[in-house]
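Shown next, in structure tokens, is the structure this report addresses.
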Amino acid sequence: MPIIIELDVMLARRKMRSKELAEKIGITEQNVSLLKSGKVKGVRFETLEKICEILDCQPGDILIYRPDEVTR
Numbered sequence: 197m198p199i200i201i202e203l204d205v206m207l208a209r210r211k212m213r214s215k216e217l218a219e220k221i222g223i224t225e226q227n228v229s230l231l232k233s234g235k236v237k238g239v240r241f242e243t244l245e246k247i248c249e250i251l252d253c254q255p256g257d258i259l260i261y262r263p264d265e266v267t268r
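Every position in the sequence shown, counted from 1, becomes a number in our numbering once 196 is added.
Rendered as structure tokens:
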């Protein structure tokens with residue numbers, strides 16, 4: 197997949213656990229885990245906004261575009 201989710205990197209930089217982030221943004225810890233692993237097909241802008249607010253970051257700090265070499 198050409199979109200890489202680096203939520204785990206940002207959590208580590210902020211010294212925050214998934215459980216704490218989940219509580220602060222109002223989603224389950226399991227959903228945070230799914231986001232971190234990239235096993236989601238989408239994310240609501242509202243959720244992304246809350247994540248960025250809590251982690252004091254930009255969406256581009258979490259979502260990275262890397263085109264697959266195979267599809268070119």
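C-beta: ideal position from N, C-alpha, C; glycine also. Quick caveat, the model's predicted, so the values are computed rather than measured.
Roughly how many whole angstroms lie between the Cα atoms of Leu-217 and Gly-234? 17 Å
If you check the beta carbons only, do Lys-237 and Ser-214 fall under 8 Å apart? no
In the DSSP output, what is Ile-260 paired with across the bridge? Ile-200
For Arg-209 and Arg-262, what's the separation of their Cα atoms in angstroms? 22 Å
Is the beta carbon of Lys-220 closer than 8 Å to that of Ile-250? yes
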